[in-house]
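Residue numbers (my numbering), protein chains in the order written: chain A, 1 to 337; chain B, 1001 to 1158; chain C, 2001 to 2157; chain D, 3001 to 3118.
These notes concern the structure reproduced below.
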C-alpha cells in the first residue's frame, strides 16, 4: 500500500525465510567471517576468470538460501537480483543456470534493497509465493571495470573504498503464520536520484550521503515515525566519510539520529587493520552484511526493528572520464522480527 | 614492509654477485670509486724520452683543469686517449669541461689528435689496459687494437 | 571535460562534505615516495654500474639495458602481486620510475588475458601506458621540430 | 662514482615527490601525472637542460619517466642532424626503443605466465 509520497507498507509481512551468503578470502579475514555460509580461500574460486568467479558467488548464495529453507529452485517464482558488471552479466548467467524467471536489476550498490523492496511488494500482493532476491560483487572484477587492472600499482586515497567480494541472497516467502522467529519486511521507501555535483570516483561515500539522507528523511515523513522507531539504522556502503556527512546533513534538516544507532555495512564488515581505506562498498556489501550478520543478530534478539538504507552510486567509468558528476540513489527497507 | 625487505635482499644479492665476479687486478677494481692517479702510458713497450715527456705533460695539463680530479692518459700510435673524472658538483658542466679540455690540449699540442672522455667506462677501460700492458706477453699490437676499441666506445651514443 | 555550474545547494553540500573527508596524508606520502623512488633510482644506478663494469657499455649506453632490467624486475614484482601493494605504499615513488611504466603495461596485459591474446592482451596492453607514449611522442615531435627549425634558421644545421 | 649513487637517490626521489604532489595536491590521475612528466622531460631536453641534469644525477634522471620524453627528443634531434626535418619523425624511437620494446616483450611474457592475483 502506498504511504505518503514514495513509501510502501507491507501489511502481510512477507517473511525472509532463509538466506545464503558467500564471500572471498578478504571477507574471511574480516569482522563478520562467522556470518558467512560459504567462504572461498581463493579469489578465483576455481574458475578461469574473475567474472566466472563472480557468478559462482551468486549461484552458491542462491543455492544455499534454497537449501536452508528445504526448497528447490522450482518453488521460487522469481529471481530478482543484480550486480555491478556491464549489463549485469554475472547475475544473468547465474539466472540462466537457476532457471527461475528473472528480473535483472541495476541500482549499483543499492541493488540489494531495491530487490528486497520489489520482492516484498510482489509477495505482499500475492504476485508470488517465493522470490529469491539478492546482489553480489567481486572485488577484482569490479576493480577491473571501474578502476585500474588489479595488479596496477596505483595509490588509492584514504577516501576510497574496498569493493566487497561476496553475494547475499534471501528467499522471501508469503507469511502464512508458520514461520516463527523469522524476520519480515514491513515497509520500504524508494529513493530519488540525488546529485550533489561531486566528481571524485575515489570518494563514493561522500557522493552517496545526500541520497541516503534524502531517503531517510522521506521515510520518516511518509511513515510519520522518527529514529526512536528503530533499534538500528544501517546504511549500505557509505564508509566513514559518507556516514559522518549523512548524519551532519540530517542534523541540518532537523533530524537527529543517535550515533550509536546508526551504522554502516561497509564499516561493519572489515577489521580496522584491513587496508580498506574508508570502508567496504559494492553491491555485495549491504547484501552480505544484512542477509548474514544483521539477520543473525535479529534472530538472537539484539535488534527488533531495523531500517536498512542501501546506497548506490550510478556512475560508469565513461561518465567519470567525460567529467560528469556522480548521481546517487538510496532505497530503504524496514525489517522486523 | 616485506616488499622492501625483498628488494633489499635482491640488492644484497647483487652486491655479493659483484663481489664474486671481481677480477684480480687491484687498481681497476677500485678505479670507479677512488682516485687512482694512474701513471701516463704509451703503448710502445720501451717509449723514448720524448714520448714519455709528452704524455706527462698531457696529464699535467689535463689535471690543471679545476673540475678534473683524476686523469688517465694513454698514447697510441696516432691518437692520445685522455680519460678523466669530473668532481661531482661540476658534472652539470660536463659538456663545457670537455670542450675546454679539448681546446687546451689542441692548443698546446697541435701536432697530436686527442680523444677526451669523462665517461667512467672509458676511464675504467684505460686503467684495465694499463694493467694488461704490464704483462710481458701483451703485445704492442694487441694494446693498440684495444685502445682503438676504447676510442670507438666513446663514439657510441645509444 | 565539461564542468557544469553547481547550484548553491550543491556548493553547500560540498563544503559540508569537505569537513568529514579524510585528508590525504600529503607529507607522509611525499616522504614515502621520496624514499621508494630514490631507492629505485639508486638501484638503477647500481645496475648501470654493473653494465659498465662487466659489459661493454659506457655511461651513455648503459641507460637502455638498465631500463630494460628495471622493467624486467617490475614484471616479476607485478606478476607475483607485489607491485600493486608497493604502489599503495609508495604512490608516485613506484609510479614515476620506469618500473611504473612497465607495471602499467604488464598489469594491463596480465589483467586482460582472459579475453584472449589478440583482443584481450593485444587490445589492452597500452590501456594505461598509451597516454604516456602518445604525449611523449607528440611533445617530443613538437619540441624537436621547433629546435630543428631554429637551428636551421641560424644556419647551424 | 660514489656521489653518483647519493645524487641518483636524492634527485630520483625528488622527481617522485613532484609526482606525488601532482597526485595528492593537484588530484591528477596517474595517467595525467605521468603524461605531464613526460612532456616536461621533452621540453627540458628541448631547452638543453636535461643532459647536464642527467650527467649530474645519473640514474636519478634516467630512471624516472621524464627521461622518456628526453630520450624521444634526443633520438629525433640526432636524426635531424643527419637527415634534416624528416629525421625528426624517423629518429624518434632511436633511443627509447629499448624501453618500450622491453616493456612490450616482458608484458606479453608476463601475460603468458602470470595470472592477476587480485
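Yeah, the Cβ is synthetic: ideal placement off N, Cα and C, and Gly gets one too.
Every value quoted in this text rests on a predicted model; they were computed, and no experiment measured them.
About 6 Å separates the CB atoms of residue 2068 of chain C and residue 3098 of chain D; that is less than 8 Å, so the two are in contact. Unbroken beta strand (DSSP E) runs of no fewer than 3 residues, entirely contained in the stretch 1048-1091 of chain B, are found at 1068-1075 and 1079-1086, following chain order. Neighbours of residue 3118 of chain D in chain A, taken as residues at a C-beta separation under 7 Å, are given in chain order as 43, 139, 140 and 150. Annotation: residue 2105 of chain C is outside any beta strand (DSSP E); the continuous alpha helix (DSSP H) that includes it extends over 2098-2111. In this model, residue 283 of chain A and residue 108 of chain A are separated by some 6 Å (Cα to Cα).
A contact between stretches requires three or more CB pairs, one per stretch, nearer than 8 Å, and the stretch 3090-3108 of chain D meets this requirement with the stretch 2098-2113 of chain C.
Contact fails between the stretch 125-143 of chain A and the stretch 191-198 of chain A, because fewer than three Cβ pairs, one in each stretch, are under 8 Å apart.
Taking the Cβ atoms as the reference, residue 3088 of chain D lies roughly 26 Å from residue 2066 of chain C, outside the contact range of under 8 Å.
With the criterion set as a beta carbon lying under 7 Å from some beta carbon of chain A, the members of the stretch 2071-2103 of chain C are 2078, 2081, 2083, 2084, 2086, 2087, 2088, 2091, 2094, 2095, 2100 and 2103, in sequence order. Contact check for residue 1106 of chain B against residue 1086 of chain B fails: the beta carbons are separated by 7 Å or more. Residue environment: residue 54 of chain A is assigned as buried (16 or more neighbouring CB atoms within 10 Å of its CB, all protein chains considered). One finds 3052, 3055 and 3056 in chain D with Cβ atoms closer than 8 Å to the Cβ of residue 1091 of chain B, taken in chain order.
Taking the Cα positions, residue 67 of chain A is about 51 Å away from residue 2093 of chain C.
Excluding sequence positions up to five before and after residue 3065 of chain D, its CB lies within less than 7 Å of the CB of 3034, 3037 and 3038, all in the same chain and listed in chain order.
With a cutoff of 7 Å on beta-carbon distance, residue 82 of chain A and residue 105 of chain A are scored as near each other.
Rounded to the nearest angstrom, the Cβ distance from residue 214 of chain A to residue 3 of chain A is 17 Å, too far for a contact under 8 Å. Per the C-alpha coordinates, the member of A/206, A/329, A/332 and A/201 positioned closest to residue 3029 of chain D is A/201. In this structure, B/1148 is the residue among B/1148, B/1039, B/1154 and B/1037 with its C-alpha nearest to the C-alpha of residue 1079 of chain B. Residue range 130-137 is occupied by the beta strand (DSSP E) that includes residue 131 of chain A.
In the three-state reduction of the DSSP assignment, residue 262 of chain A falls in the strand class, which pools E and B. Per DSSP, reduced to three states, the secondary structure at residue 77 of chain A is coil, with no helix or strand assignment. The beta carbon of residue 226 of chain A is closer than 7 Å to those of 220 in its chain, skipping five residues each way along the sequence. Residue 73 of chain A sits away from residue 38 of chain A, with the two beta carbons spaced by 7 Å or more. Taking a C-beta cut-off of 7 Å against chain C, the contacting residues of the stretch 3064-3087 of chain D are 3064, 3065, 3068, 3069, 3072, 3073, 3076, 3077, 3080, 3081 and 3085, listed in chain order. Below the 7 Å Cβ cutoff, chain A contributes 155 as neighbours of residue 3023 of chain D, in chain order.
Contact check for residue 184 of chain A against residue 15 of chain A passes: the beta carbons are separated by less than 7 Å. The C-beta distance from residue 1061 of chain B to residue 2060 of chain C rounds to 25 Å, too long to meet the 8 Å contact threshold. Within the stretch 3040-3078 of chain D, the runs of alpha helix (DSSP H) at least 4 residues long that lie entirely inside it are, in chain order, 3050-3057 and 3059-3062.
Looking at the DSSP output, residue 188 of chain A sits in a beta bridge with A/8 and A/333. Secondary structure note for residue 311 of chain A: it is in no alpha helix (DSSP H), and the uninterrupted beta strand (DSSP E) holding it is 305-313.
Residue 205 of chain A places its beta carbon 7 Å or farther from that of residue 27 of chain A. Neighbourhood of residue 196 of chain A in chain C, by CB distance below 8 Å: 2009, 2010, 2013, 2014 and 2017, in chain order. Your pair residue 91 of chain A and residue 2114 of chain C does not check out as a contact, with CB atoms roughly 19 Å apart and the cut at 8 Å.
Per the DSSP secondary-structure output, residue 2030 of chain C pairs with nothing in a beta bridge. Between the alpha carbons of residue 131 of chain A and residue 2091 of chain C lies a gap of roughly 46 Å. The beta carbon of residue 160 of chain A lies closer than 6 Å to those of 202 and 277 in the same chain, with the five residues before and after it left out.
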